[in-house]
Structures are given as C-alpha cells and as structure tokens.
Amino acid sequence: MSWDAVIVGAGPAGLSAALNLARARRRVLVLDSNRPRNSATFHAHGFLSRDGISPLELRRLGREELEAYPEASYETSPVELVETSQAGFTITHKNGVAEASTVILATGLRELPPTLPSLRAFYGTSAHSCMECDGYEYADKPIALIGETDDLAERALLMSQWSRDLIVFTNGVGAVTPADEARLAGLGIRVDRRAVTDVAGDRSGITGVVLADGSTVPRVGVFVRPQYEAVLDFAASLALHRDHEGLVLVDPDGRASVPGVYAMGDVTPPGPQQLIVAAGTGARVAAALNRDLLGFHEAPPVR
Ligand SMILES: Cc1cc2nc3c(=O)[nH]c(=O)nc-3n(C[C@H](O)[C@H](O)[C@H](O)COP(=O)(O)OP(=O)(O)OC[C@H]3O[C@@H](n4cnc5c(N)ncnc54)[C@H](O)[C@@H]3O)c2cc1C
C-alpha cells in the first residue's frame with residue numbers, strides 16, 4: 014500500500030498538516046521520534062484558546078483528534094532514510110518501510126544552548142529561549158540574556174519590551190558594538206562582557222548568573238540565545254536546497270526543491286518560531302499538497 018503523504022515529525026506543524034490532509038480524504042502516515050524540543054517546559058503560551066497549556070498535552074490532544082480519522086495513521090518510529098522510488102518515495106523507519114507519493118518534513122530543530130552546567134535544570138521553568146513565548150511572565154523583573162552570537166543587541170532590544178531591568182552577558186564572545194551598547198544603555202540595559210560559568214538557583218528557580226571571577230549577579234530569569242541545527246541526515250539522498258543555516262528552502266506553500274517533498278515549521282526559514290505559526294504552516298502545506306496531487310500546480314524550482 015502507498016500513502017498519499019508520509020509526514021516526518023508530529024509537532025504542531027506535522028499534526029496540523031496530517032489533520033487537514035485526513036480531512037481532505039488523503040491517506041496519511043505520521044512518523045515521530047517523540048523528541049519534542051519544547052518538552053522542557055510545563056506551560057506553552059500564545060496558542061489561541063490554549064494559552065498556558067502543557068506542550069505535551071497540546072500534542073496529545075492533536076494526536077487524539079487525528080487518530081479519530083480512518084485516513085490517518087500515527088506511529089512512534091524515528092525515520093532513518095527517505096529515498097526517491099517508483100511510487101514516489103520510500104521511507105525507512107525504525108518499525109518498518111513505507112511508500113508514499115509525497116513526503117513532508119516537519120522535524121523541527123535541535124537546540125544547542127550555551128554550555129552552563131546548571132542550565133538544563135532550569136530550562137523551561139526559569140531559563141528560556143523564546144521571549145515572545147515566556148517574556149510576559151518576567152515583565153519588569155530582573156532578567157539576563159546570555160549568548161555568544163552577533164545578534165545579542167537586537168535580542169536585547171526586543172526583550173526591553175518586557176523588562177528593562179536587563180543585563181546582556183556576552184561571555185566575552187558575543188559581539189555588541191559600542192554603538193549598540195550605547196543605545197541599550199539609553200534604555201537602562203547593561204552589557205557585561207565577563208566570562209559566564211553557570212547559573213545559580215534553588216527550588217524557586219534561577220537566582221543569578223555566576224561569573225568566572227566568582228561573583229554572582231542576581232537575576233530571577235535567564236534567556237539564552239541557543240544555536241540551532243536541522244537534523245536531516247535521513248533525507249540526505251534527496252539533496253534538498255538548504256540555506257546557510259541548513260534550513261530547508263521552500264516556496265510559500267512549503268514545496269521544497271525536489272518535487273513531491275514539502276517542509277514546514279521550524280525546520281524551514283526563518284527557523285524557530287511559535288507553536289501556532291508551525292500549526293498554521295501545516296494547514297497551508299496540506300492545502301497545497303492536496304491540490305498538487307490533483308495536478309493543479311506547476312511548481313517553479315525553489316532556490
Ligand atoms: C523550551 C521551549 C519552550 C517553548 N515555548 C513555547 C511557547 O510557550 N509558545 C510557543 O508558541 N512556542 C514555544 N516554543 C517553540 C515551539 O515549541 C516550536 O516553535 C514548535 O514546536 C515548532 O513546531 P514544529 O512542528 O516545527 O517542530 P517540533 O515541535 O520541534 O516537532 C518536531 C518533531 O519531529 C520529530 N522528529 C525529528 N526528527 C525525526 C525523525 N528523524 N523521525 C521522526 N520524527 C522526527 C521530533 O521528535 C518532534 O516530535 C518553545 C520551544 C522550546 C524549546
């Protein structure tokens with residue numbers, strides 16, 4: 014049996030695409046490795062009608078809705094290889110092999126946060142990466158931004174919308190120009206270029222940022238600027254066009270550079286966004302794919 018679509022990844026992007034394809038009476042198989050990037054957090058914010066829900070509960074509800082449709086099937090089984098074949102694509106996963114006319118990549122990103130020994134213990138509760146997701150809870154509170162990238166000043170400016178009691182820790186690496194530093198100072202935001210060794214905390218959460226000189230700067234919340242990577246080794250043989258960060262290049266409806274391959278959610282530019290955005294792209298890609306299978310679309314190449 015060949016599926017109309019196999020979806021790799023069951024985050025909000027994958028589940029939303031699957032739901033909409035099932036409702037278009039497309040036979041769809043969802044394969045997931047059960048490693049959601051947001052599982053560290055207890056509360057996901059900003060998803061209309063579900064503000065504050067546990068991300069795992071959101072996922073459970075999505076899966077439950079999907080599995081009510083006989084057109085859809087869901088397996089927890091990591092995908093190991095996707096290759097072109099006579100049917101379209103052959104998808105080898107841990108539990109077996111599937112054939113499909115189309116493949117949708119919705120695998121999200123792997124996050125590489127700064128290597129601070131205690132960060133993991135607080136990640137998702139008082140250490141975060143997404144200001145739009147978790148900034149509201151820190152309104153006007155003493156917080157820190159820790160990162161080593163050259164977009165720290167831009168991030169700090171964004172964070173000032175929630176709190177100006179903000180210190181930017183560059184760890185001696187992140188580039189903040191003197192002009193940016195002066196602009197931030199005008200908002201009351203300080204830049205600290207000393208080496209950071211850890212975060213301090215107790216049962217209430219983070220209490221400070223620990224520096225190499227032995228001092229601890231009191232803070233109640235920390236936002237980190239992680240690096241991200243798209244892990245798509247399983248699709249290497251497709252030779253998809255990707256950008257300089259490894260994200261899959263797609264047209265506005267999620268068509269990738271190989272006909273029959275679609276991608277959506279965080280694995281596509283501009284990278285990490287929000288749950289509802291990922292779910293939205295899923296619905297959009299499903300509509301496009303359904304039409305493409307009817308021969309509606311002559312896709313221009315994605316570059
Ligand atoms: C700590 C944290 C907190 C966050 N809080 C919020 C918030 O409050 N509000 C908000 O809107 N957003 C939040 N986000 C962002 C949000 O989680 C993401 O933008 C969203 O989950 C992206 O959806 P996605 O479907 O693209 O990818 P993901 O949700 O990352 O899902 C990708 C799925 O693909 C699976 N997968 C990967 N590789 C394979 C493979 N080879 N085979 C099979 N399956 C595979 C993974 O297991 C995973 O289930 C948060 C993120 C983090 C890290």
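Under my numbering, the letters of the sequence shown match residues 14 to 316, in that order. A virtual CB, placed ideally from N, CA and C, is assigned to each residue, including glycine.
List the DSSP bridge partners of residue i.
i, result
"alanine 100", "For alanine 100, which the question treats as bridged, DSSP gives no partner whatsoever."
"glutamate 70", "Answer by DSSP bridge pairing: none, since glutamate 70 is not bridged."
"tyrosine 241", "Glu124"
"aspartate 64", "DSSP, once it has assigned bridges, lists no residue as partnering aspartate 64."
"threonine 105", "Leu94, Val110"
"phenylalanine 247", "Answer by DSSP bridge pairing: none, since phenylalanine 247 is not bridged."
"serine 15", "Glu112"
"arginine 255", "Val261"
"tyrosine 10", "The chain is shown from 14 up to 316; residue 10 falls before or after that span and cannot be answered."
"aspartate 215", "Gly218"
"histidine 141", "Phe236"
"valine 223", "Asp211, Thr229"
"alanine 57", "Ile66"
What is the DSSP secondary structure of residue i, counted as helix, strand or coil?
i, result
"arginine 206", "coil"
"alanine 188", "coil"
"tyrosine 82", "coil"
"valine 290", "helix"
"serine 114", "strand"
"aspartate 45", "strand"
"phenylalanine 309", "coil"
"phenylalanine 135", "helix"
"proline 231", "strand"
"glutamate 88", "strand"
"leucine 158", "strand"
"alanine 31", "helix"
"leucine 302", "helix"
"leucine 165", "helix"
Tell me the rounded alpha-carbon separation between residue i and residue j.
i, j, result
"proline 155", "alanine 208", "19 Å"
"leucine 132", "alanine 140", "7 Å"
"valine 244", "arginine 255", "12 Å"
"valine 53", "leucine 69", "Looking at the sequence shown, residue 53 is not valine but alanine. Distance between the alpha carbons of alanine 53 and leucine 69 is about 10 Å."
"isoleucine 20", "threonine 162", "33 Å"
"glycine 75", "leucine 28", "6 Å"
"arginine 168", "glycine 267", "28 Å"
"valine 274", "glutamine 174", "39 Å"
"alanine 300", "alanine 100", "21 Å"
"leucine 224", "asparagine 303", "54 Å"
"alanine 113", "proline 265", "23 Å"
"threonine 320", "leucine 125", "Shown here, the chain extends from 14 to 316; a query on residue 320 therefore has no answer."
"arginine 63", "alanine 85", "24 Å"
"phenylalanine 182", "glycine 308", "53 Å"
"valine 92", "threonine 120", "10 Å"
"leucine 118", "aspartate 226", "46 Å"
"serine 67", "histidine 58", "9 Å"
"alanine 269", "leucine 306", "15 Å"
"aspartate 215", "aspartate 45", "35 Å"
"alanine 213", "serine 228", "11 Å"
"threonine 220", "phenylalanine 247", "41 Å"
"phenylalanine 236", "arginine 38", "43 Å"
"arginine 72", "proline 25", "7 Å"
"tryptophan 16", "asparagine 47", "21 Å"
"valine 110", "alanine 18", "14 Å"
Under 7 Å from any heavy atom of ligand 1, does the C-beta of residue i make it?
i, result
"histidine 257", "no"
"aspartate 164", "no"
"aspartate 279", "yes"
"asparagine 108", "no"
"asparagine 33", "no"
"valine 244", "yes"
"serine 142", "yes"
"glutamate 150", "no"
"glycine 59", "yes"
"isoleucine 20", "no"
"aspartate 226", "no"
With a cut-off of 8 Å, does the C-beta of residue i fall near any C-beta of chain B?
i, result
"serine 98", "As a matter of chain content, chain B is missing from the structure shown, which is built from one protein chain."
Is residue i near ligand 3, in the sense that its beta carbon is under 7 Å from a heavy atom of that ligand?
i, result
"glutamine 240", "Although ligand 3 was asked about, the structure shown includes only ligand 1 as ligands."
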